[in-house]
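A.B. asks: Please read through the structure below; I'll follow up with questions.
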DNA sequence: ACCTGAACACCGTTCAAGT
DNA sequence: ACCTGAACACCGTTCAAGT
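Protein chains in written order, with my numbering: chain R, 580 to 830; chain X, 580 to 830.
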């Protein structure tokens, strides 16, 4: 029988508060926030709720579906409310909102984008809003779809990496190894890396042993958002200029 | 004893061909390519090599380190050879090369970027080349580091999502559910989604049940690369114009 | 409808031996 | 140095019961 666990989070057992899907999803998120996805398991969720694993299964279907629901919960308030004068601001705001959400639930980051199941969310409001925004920018037809993918890809891409998960436990040895390997860069072979070593250590992709939780890349993200918006703007302008395709290779 | 497995891949056992790290890493990659990371395990690697799991452990340290080595192997030839006249072309080429590599090993995609251990690679040549390129573009100091992060974030971000892993087995029911949910969009509430439904089904993030392997986002990726490069170019130009920061928020 | 209970076929990893 | 062998503490998931 499931022992009266110290991990217990939700539900006062004896009450008439029965097990249900929402409770399971909330408990899962709480566990992931606290312990990370590496050590997340359906069995731990069951322990936290003081029921048998099979009771959880009755409600969730399977592990992937549960994780998909967690993602849906986390991203529930992603879509910005309408009404910014410039479409550029709306897109930038979307990226910022996404990052702020992930900052509150960094351990969820690895779930989004890398598994197709997380599409279970299917927030049509988000899709519609992005399309609306990009139509306003002047995109239509295939270009509109492409621009949509650019926005979504940019939104998730940078932040996912910034908050990439740190190895669970044996992390100490690995951190030391990383720090040393970085510090020991050959200044003759890689002069620019050596020159910027202090500014890049733990503040640049590949040269980190901590993630965005303890070492956020604020400035890098700001430039990423600026660049993406400026880039989309430039392409939109080029397309308006002539009714054709831009200098880049097309579909 | 490890049965003479049908999964057997490498090493003719009786030969003097002993177990070693490189062989283990190659075998792991072959298994991941064939079966996906979802069903990857150290024990399967051992079976494929016809040894006990503990023999593998003697060489690799632990599972995460092994996966990090797999990533290193896959990305070995990522960095483009020097010598493109325009820095813009070099950056675009880098993104294209990254995507081509992932197309050859799509199941590895989820490993890159989402786990900090994969930084074990530490290819200074890549870092140095990007810095060189962006210096040529006119970035310096903190801006140079930020621009570096923009490039790395963009390189990995889009493609990782395009090749997000599809659920392993029970995939049939999930696919049907997705297809129906998408097809059943409310045209009054989401007119633009409804209008572009055919063009977006399986060709736009969130509205997919297949990944880049069977439904590549070629045009979307092309625009993403164009937008990112154009955006970086615009920021560089703005910075050259005045010795200050661009309109976007800085730090 | 909702949960218990037992069971199956797996994991990663450690530790003690063998050669 | 390199591998076998056994063991530990876990997994996700299914299936048969109970209420």
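Yeah, the Cβ is synthetic: ideal placement off N, Cα and C, and Gly gets one too. Just so we're clear, the structure is a prediction, and the values are computed from it rather than from any experiment.
Can you give me the start and stop residues for the alpha helix (DSSP H) that residue 691 of chain R sits inside?
C.D. replies: Looking at the DSSP string, residue 691 of chain R is not in any alpha helix (DSSP H), and its letter there is neither H nor E.
A.B. asks: Checking contacts by CB at 8 Å: is residue 744 of chain X closer than that to chain R?
C.D. replies: yes
A.B. asks: So, for residue 704 of chain R: in the same chain, excluding its five sequence neighbours on each side, which residues have a beta-carbon less than 8 Å away from its beta-carbon?
C.D. replies: 658
A.B. asks: Quick one: Cα of residue 778 of chain X to Cα of residue 731 of chain X, how far?
C.D. replies: 29 Å
A.B. asks: Using only alpha-carbon positions, find the residue among R:606, R:672, R:708, R:742 that is nearest to residue 796 of chain R.
C.D. replies: Closest by C-alpha distance to residue 796 of chain R, out of R:606, R:672, R:708, R:742, is R:742.
A.B. asks: So the alpha helix (DSSP H) residue 803 of chain X belongs to, where does it begin and stop?
C.D. replies: 797-820
A.B. asks: Got a sec: which bits of the region 701-712 of chain X sit with their beta carbon under 8 Å from any beta carbon on chain R, in order along the chain?
C.D. replies: Listed by position, the residues of the region 701-712 of chain X near chain R (Cβ gap below 8 Å) are 701, 702, 703, 704, 705, 706, 707, 710, 711.
A.B. asks: What is the DSSP secondary structure of residue 744 of chain X, counted as helix, strand or coil?
C.D. replies: strand
A.B. asks: Classify residue 679 of chain R: buried if its beta carbon has 16 or more other beta carbons within 10 angstroms, exposed otherwise.
C.D. replies: exposed
A.B. asks: I'd like the list of long-range same chain contacts for residue 712 of chain X, defined as Cβ closer than 7 Å, with 5 residues on each side in sequence excluded.
C.D. replies: 666, 669, 670
A.B. asks: Return no unless some Cβ of chain R is closer than 8 Å to the Cβ of residue 764 of chain X.
C.D. replies: yes
A.B. asks: Is the distance from the Cβ of residue 736 of chain X to the Cβ of residue 791 of chain R below 8 Å?
C.D. replies: no
A.B. asks: Would residue 803 of chain X count as contacting chain R if we go by Cβ distances under 8 Å?
C.D. replies: So, interface residue.
A.B. asks: CB residue 733 of chain R to CB residue 674 of chain R, shorter than 8 Å?
C.D. replies: Contact: yes.
A.B. asks: Rounded to whole angstroms, what's the CA-CA distance from residue 815 of chain X to residue 815 of chain R? Just pull it up for me.
C.D. replies: 19 Å
A.B. asks: Note down, in chain order, each residue of its chain lying with its Cβ closer than 6 Å to the Cβ of residue 600 of chain R, except the 5 sequence neighbours on either side.
C.D. replies: 638
A.B. asks: Going along chain R, which residues have a C-beta under 9 Å from residue 684 of chain X?
C.D. replies: The contacting residues do not exist; residue 684 of chain X stays about 15 Å from chain R at best.
A.B. asks: Mind checking the region 617-632 of chain R against chain X and listing, in chain order, the residues whose C-beta falls within less than 8 Å of any C-beta there?
C.D. replies: none
A.B. asks: Which stretch, first to last residue, makes up the alpha helix (DSSP H) that contains residue 612 of chain X?
C.D. replies: 600-614
A.B. asks: Could you give the uninterrupted runs of the alpha helix (DSSP H) lying entirely in the region 704-770 of chain R, keeping only those of 4 residues or more?
C.D. replies: 721-741, 750-762
A.B. asks: I believe residue 693 of chain X touches residue 806 of chain R by the beta-carbon criterion, under 8 Å. Please report the beta-carbon distance rounded to the nearest angstrom.
C.D. replies: That belief does not hold up - the Cβ atoms of residue 693 of chain X and residue 806 of chain R are roughly 22 Å apart, past 8 Å.
A.B. asks: Give the single residue among X:653, X:781, X:739 whose Cα lies nearest to the Cα of residue 754 of chain X.
C.D. replies: X:781
A.B. asks: Give the secondary structure of residue 657 of chain X by DSSP, where H, G and I count as helix, E and B as strand, and everything else as coil.
C.D. replies: coil
A.B. asks: For residue 664 of chain X, decide whether its Cβ has a neighbour in chain R, counting only Cβ atoms nearer than 8 Å.
C.D. replies: no
A.B. asks: Residue 686 of chain R to residue 820 of chain R, Cα distance in whole Å?
C.D. replies: 44 Å
A.B. asks: Using alpha carbons as the reference points, say which of X:786, X:744, X:794 lies closest to residue 618 of chain X.
C.D. replies: X:744
A.B. asks: From the beta carbon of residue 818 of chain X, is the nearest beta carbon of chain R less than 8 Å away?
C.D. replies: no
A.B. asks: Relative to chain R, which residues along the region 780-794 of chain X have a C-beta separation below 9 Å, given in chain order?
C.D. replies: 782, 783, 784, 785, 786, 787, 788, 789, 790
A.B. asks: In whole angstroms, what separates the C-alpha of residue 644 of chain X from that of residue 752 of chain X?
C.D. replies: 35 Å
A.B. asks: Near residue 688 of chain R, what residues of its chain come up, given a Cβ to Cβ distance below 6 Å and the 5 sequence neighbours on each side ignored?
C.D. replies: 681, 739, 742
A.B. asks: Taking Cβ-Cβ distances shorter than 9 Å, what residues in chain R pair up with residue 727 of chain X?
C.D. replies: 775, 779, 783, 784, 799
A.B. asks: What ranges does the alpha helix (DSSP H) occupy inside the region 622-676 of chain R, keeping only unbroken runs of at least 4 residues that lie completely in it?
C.D. replies: 632-639, 642-653
A.B. asks: At what residues does the alpha helix (DSSP H) containing residue 776 of chain X begin and finish?
C.D. replies: 776-779
A.B. asks: In whole angstroms, what separates the C-alpha of residue 765 of chain X from that of residue 623 of chain R?
C.D. replies: Residue 765 of chain X and residue 623 of chain R have their C-alpha atoms spaced approximately 38 Å apart.
A.B. asks: CB-CB under 7 Å to residue 611 of chain X, same chain, minus the five flanking residues each way: which ones, in chain order?
C.D. replies: 619, 649, 686, 687
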